[in-house]
Structure formats: structure tokens, C-alpha cells
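K.L.:
Residue numbers (the UniProt record's numbering): 1 to 499. We treat Cβ as the ideally placed atom computed from N, Cα and C, and that holds for glycine. Structure provided below as C-alpha cells; questions to follow.
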Amino acid sequence: MIHKIKSMYDNGQGLSIRAISRELNISRNTVKKYLAMDAQGICVMMEDTSRQKWLDGYRDYLINQLKDYPKLSAVKLMRRLCRKVGKLPISERSMRRYVQNLKAEVAVGQYRYYEPIIETVPGVQCQVDPGELRGVLINGKPHTVYFVAFVLSYSRLMYVGLSLQPLNTQRFIEMHDEAFRYFGGVTEECIYDQTKLVVLSEEYRELKLNQRFAQYATAASFHIHACEGFDPESKGKVEAAVKYVKQDCLYGESFRSETELRAYTLDWLNEVANIRVHGTTKEQPQRHYDRSERSHMNHYHVAMASLDNTPMQTRKVDKTGLISWASNKYSVPMKWQQSRVGVSEANGQLLLLDPATGELIGQHTVSLDKGLIIKNRDHYRDKTQAVEALEAYLNERLGIDVGRAIAAQLKATMPRFYKDQLRGALDVLKHYGELPTALTAHLLEREELTASKMREYIDAWFSAEQRGRMADDEEDSPVTIDLSMYRRISHVNAQRSLS
Numbered sequence: 001m002i003h004k005i006k007s008m009y010d011n012g013q014g015l016s017i018r019a020i021s022r023e024l025n026i027s028r029n030t031v032k033k034y035l036a037m038d039a040q041g042i043c044v045m046m047e048d049t050s051r052q053k054w055l056d057g058y059r060d061y062l063i064n065q066l067k068d069y070p071k072l073s074a075v076k077l078m079r080r081l082c083r084k085v086g087k088l089p090i091s092e093r094s095m096r097r098y099v100q101n102l103k104a105e106v107a108v109g110q111y112r113y114y115e116p117i118i119e120t121v122p123g124v125q126c127q128v129d130p131g132e133l134r135g136v137l138i139n140g141k142p143h144t145v146y147f148v149a150f151v152l153s154y155s156r157l158m159y160v161g162l163s164l165q166p167l168n169t170q171r172f173i174e175m176h177d178e179a180f181r182y183f184g185g186v187t188e189e190c191i192y193d194q195t196k197l198v199v200l201s202e203e204y205r206e207l208k209l210n211q212r213f214a215q216y217a218t219a220a221s222f223h224i225h226a227c228e229g230f231d232p233e234s235k236g237k238v239e240a241a242v243k244y245v246k247q248d249c250l251y252g253e254s255f256r257s258e259t260e261l262r263a264y265t266l267d268w269l270n271e272v273a274n275i276r277v278h279g280t281t282k283e284q285p286q287r288h289y290d291r292s293e294r295s296h297m298n299h300y301h302v303a304m305a306s307l308d309n310t311p312m313q314t315r316k317v318d319k320t321g322l323i324s325w326a327s328n329k330y331s332v333p334m335k336w337q338q339s340r341v342g343v344s345e346a347n348g349q350l351l352l353l354d355p356a357t358g359e360l361i362g363q364h365t366v367s368l369d370k371g372l373i374i375k376n377r378d379h380y381r382d383k384t385q386a387v388e389a390l391e392a393y394l395n396e397r398l399g400i401d402v403g404r405a406i407a408a409q410l411k412a413t414m415p416r417f418y419k420d421q422l423r424g425a426l427d428v429l430k431h432y433g434e435l436p437t438a439l440t441a442h443l444l445e446r447e448e449l450t451a452s453k454m455r456e457y458i459d460a461w462f463s464a465e466q467r468g469r470m471a472d473d474e475e476d477s478p479v480t481i482d483l484s485m486y487r488r489i490s491h492v493n494a495q496r497s498l499s
């Protein structure tokens, strides 16, 4: 405060004493006193531990709180004190310094929270982690509160689901439903540690998922991303959130009922957790979400009441690729012919699932009629063979190395429409014929490549050549094609397949 006053005054060149007094909300006499002090006088005053501090009047109360709840943060102590005495004429920084000294006296330490900075984009990832806190007083009796923290990786908006019973799959799903409704949408993926609620087992990063939860994830349209075992750092935002919930929300509180606990937690989310200025983003999570992420969230349309809580059923697929369901027959992708598939009905949709992983392999609208054969023509096409054939044609036209590199660029740019992009690229090559080596090298240098962009690049190249902008001997000069981009793209695709 003293140094701030002196810098604002700036030896008479800055603000006036009256302006400083008004700006800092202190008396003019205090401003004059500090301005009159030299450096030695300031040091003597700062070292004088006997001088009165504003919080000394509440010292006994603060010590009593720290003895009962030694892990209380300075920020939460400040909120408690505000509820008792009204607005405090001190800053959070002053409160932290004062509480730090008190904690040293009562010989306790305060945990620090560490969060890794991870580059993310809005609407893509939600990090999820269960936690529990024992000894929470509800109606005068200690209970263990089981909770799940949900944190949006981009905006850091948080939701907390609660239970007084150990979590099972059904309650875990219900908490997801609550979280997505609170957020007003669902992210593209949710990231988890290897809890049995999500992953039953793992070997060589091959995951056996909880089928019931995988079915819900499929219906809700988000991808399950399970962290490698014993790797908490990859989910640091949530690891910090779990500690935050324990120590700032629940620790040191008591409740008359479970209903009051839930209401308190929701108020804490809306009035504390999601409106505080986040230490990493330097923004309030709720405001950051409303401004930058809400519009990027996917629509959440799963009705919990319609999610069947019975185990997934299985059906044998006959040699024509059909299964029986409710007096009708439905087609299944041809690779599953004469094997067993998982079947579940939700929201009027018949979901066809991989029985081992719960992954969605097909879907039909359930018919209310009887005795029908309902087919999806795509189920009788081997798309893998079609893609492999197109890749082979591309390799034949461009050579194996260049063909694979171009294919990798197309796949990295538009993975969902890779087959269409291959077909488009072949049409372009068929139209232009053999390409100059220098032009091929130019295509490989593009960070993103689609069939339409490929056509534009080739058009521009030949147009420039016709206008005489290319050197006459350029085609004759040797050109080395850098295939390192292909290796990089292949590495990225490999990483995506693992996730």
C-alpha cells in the first residue's frame, strides 16, 4: 500500500493527495503520513509485528476455524467472515497473507493445486473424474459423499454430480445426463481415467468398455477417451477440480438433508466455482463458456427415462445378414453375418452394437408393423474394400510413395469423407493426366488437401505455365519430393486411432 501511494503521487508529478485518497478509499491523513516516510521509516514500520492489523479483531475466530478445519483456504475463510460481519475493507491478497501467518502458528499447511496447460478447442472435450469425501455431516451424522466432477477443457465450466451411495453404472450415467443438461449441450468426447464404470480392462491400449455405459455414450453421441492407466497428469484439470470440490465446496460444511446438500452444491457452482476468475484462463468460466464455447457444443437429446436399464441383449445374425426383433427382421453390416451382435432399443431406435465393446455398428428406426424385412443397403456394401481399391488406383497413377502421401493428406483433412475424397482425387487425375514432378511436390507441401483444392492447385499451375511464369526448363530439372509430411500425417492418424 505504501509503495502504491508513493508511485501514484510520483513526487508531486502524479495524482494529488485528495485523488489518491479517493482512489484508494483511505483518509488524506493516511496518505500524507505515508508520503512523509522515508525508506528507512517504511522498513521499520513493516518489521514492527506489534502494529495493529484490521483482521486482528477476528483473529480468534479465524484460528478457531483453522483448528476445526485446517485445510480451509483463505478465500473461503474470507467468504465466511463476510457472511458474519458484512463487506470487508481488505483485499483477497491481504487475507491470504494474514491467513498464511495464522496457519504457520497452528502448524498446518495448505495444499496447492497444479493444473497443466493443455491446448484445446471449444466444444471438443469434457474431463470427468469421480471423487469422495468422508465425514460430511448430514442431519448430524457423518456420511461419505460420492461425487463426479465434470470440467469443460476449453472454458473450465464445471458441474458436480452427487450421491450418498457408492457409484454404480446407472447413477454414473444419470450424473452425465445432469451435467450435459447443466451445460446445455454435449462435447465431442469425454475423457476418463480407468475406472470400472467406464473401462473394464485394458491390454496394449485395447479397451474393454462397460457395455451399459458405452451404450449411453453412443446414444448421447460422444466419444469415450480413456487415459492410459496410472496417468493422472493427462487429466490435470479434473484432478484439480476434485480437490477444489473437496476443499472449497464440501470441507467444513454440514447439512440438514441430502436435498440441502444438493441445493448448496448447485449454489456453489453458480455463485463461486463458475464465476471466479480461473487461474489459467484469467476469465470467469461461465462468461467464457457463454461467449466462446456454448455455440460449439453438440445438441444433447437423450431422454433418461427412455434409456432402458436392462442389460444389452444379443441376437444371432443369419447368413443373409438379418436379425429378428419384435416380429420383424433388420439388416446388420455384412461383416457381422453369422455372428452375434448386441441389440438395444431406445427412443424408437434399434441400436446394433459390438457385443465386446458396446460400439455402435448400425441403427434402424423401429417399425410398428409386423413381418417386415427392414434393410439398410449400406449394410451390404464392404466399404473397406472400396477404400482399399481406390487407394490402389491412386498408387497406380502416382506411384506408391506419392500416392500414399496424397491419400494421407486427404484423410487427415476430411477423415469422415475420405472415400469421397479419394474418388474425387482420381477424377481430377483422370482429367489432367500425368502431373509434372514439380507440381506433385507442390501438392505434397500443402498442410491441407482436398480433391477440390487439388483441382484448384493444378488449374493455377497450368494457367501460370501457359502465361510463361514457369521456367522453360523447370520440368527438366530434377526435383526431390519431400515425403516427411507423409510420415508426419501418418503419425497423427496413428495417434487419432489410439484415441
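Just to check my reading of the structure: residue 329 and residue 361 have Cβ atoms closer than 8 Å, yes? What is that Cβ distance to the nearest angstrom?
P.N.:
In fact, because the Cβ distance is near 17 Å, the residues do not count as touching under 8 Å.
K.L.:
Identify, in the order they occur along the chain, each residue of the same chain with its Cβ nearer than 7 Å to the Cβ of residue 169, setting aside the five sequence neighbours on each side.
P.N.:
197, 210, 212 and 213
K.L.:
In this structure, how does DSSP classify residue 258 when only helix, strand and coil are distinguished?
P.N.:
helix
K.L.:
Label residue 285 either buried or exposed according to how many other C-beta atoms from any shown protein chain fall within 10 Å of its C-beta, with 16 as the threshold for buried.
P.N.:
buried
K.L.:
Going by alpha carbons, who is nearest to residue 184 out of 393, 164, 152 and 394?
P.N.:
152
K.L.:
With 16 as the cutoff for other CB atoms within 10 Å, does residue 316 come out buried or exposed?
P.N.:
Looking at its Cβ environment, which holds fewer than 16 other Cβ atoms inside 10 Å, residue 316 is exposed.
K.L.:
Nearest to residue 102 by CA position, among 421, 70 and 80, is which residue?
P.N.:
70
K.L.:
Nearest to residue 334 by CA position, among 380, 410 and 301, is which residue?
P.N.:
380
K.L.:
Per DSSP, residue 500 forms a beta bridge with which residues?
P.N.:
Given that the chain is displayed from residue 1 to residue 499, the structure contains no residue 500 and the question cannot be resolved.
K.L.:
Can you tell me which of 336, 157 and 300 puts its alpha carbon nearest to the alpha carbon of residue 283?
P.N.:
Selected option, being the one with the closest Cα: 157.
K.L.:
Are the stretch 87-103 and the stretch 260-280 touching by the rule of at least three beta carbon pairs closer than 8 Å?
P.N.:
The stretch 87-103 makes no contact with the stretch 260-280: fewer than 3 CB pairs, one atom from each, lie closer than 8 Å.
K.L.:
Return helix, strand or coil for residue 129, following the three-state DSSP convention.
P.N.:
strand
K.L.:
By a C-beta neighbour count over all protein chains shown, 10 Å radius and 16 as the cutoff for buried, is residue 265 buried or exposed?
P.N.:
buried
K.L.:
Just confirm the distance between the C-beta atoms of residue 129 and residue 193, as a whole number of angstroms; I'd bet it's less than 8 Å.
P.N.:
6 Å
K.L.:
Whole angstroms is fine: what's the gap from residue 340's alpha carbon to residue 392's?
P.N.:
32 Å
K.L.:
So for residue 413, helix, strand or coil by DSSP?
P.N.:
helix
K.L.:
Could you pull out every residue in the same chain whose Cβ sits closer than 8 Å to the Cβ of residue 246, ignoring the five residues on either side in sequence?
P.N.:
131 and 133
K.L.:
Per DSSP, which residues does residue 141 bridge with? Please list them.
P.N.:
138
K.L.:
At the level of alpha carbons, what is the spacing between residue 462 and residue 446?
P.N.:
17 Å
K.L.:
Return helix, strand or coil for residue 84, following the three-state DSSP convention.
P.N.:
Residue 84 sits in a helix when the DSSP states are folded into three classes.
K.L.:
Put residue 227 into one of helix, strand or coil per three-state DSSP.
P.N.:
coil
K.L.:
Can you look up residue 168 in the DSSP assignment and give me helix, strand or coil?
P.N.:
coil
K.L.:
Assuming the contact rule is C-beta atoms closer than 8 Å, residue 312 and residue 353 should be a hit. Round their C-beta distance to whole Å, please.
P.N.:
6 Å
K.L.:
Just the C-alpha distance for residue 532 and residue 441, rounded to the nearest angstrom, thanks.
P.N.:
Since the displayed the chain opens at 1 and closes at 499, residue 532 lies outside it and no answer follows.
K.L.:
Taking C-alpha atoms, which residue in 327, 216 and 337 lies nearest to residue 321?
P.N.:
337
K.L.:
Buried or exposed for residue 32, going by 16 or more other Cβ atoms inside 10 Å?
P.N.:
exposed
K.L.:
If you reduce the DSSP assignment to three classes, tell me which class residue 222 lands in.
P.N.:
coil
K.L.:
Based on DSSP bridge pairs, tell me the residues matched to residue 158.
P.N.:
151
K.L.:
Assuming residue 300 and residue 172 make a contact with CB atoms under 8 Å, what is their CB distance in whole Å?
P.N.:
Going by Cβ atoms, the distance from residue 300 to residue 172 rounds to 16 Å, so no, they are not a contact pair.
K.L.:
On the premise that residue 78 lies in contact with residue 66, defined as a C-beta separation below 8 Å, what is that separation, rounded to the nearest angstrom?
P.N.:
Their Cβ separation, rounded to whole angstroms, is 13 Å, which puts residue 66 and residue 78 out of contact at 8 Å.
K.L.:
Going by DSSP, name the residue or residues bridged to residue 364.
P.N.:
350
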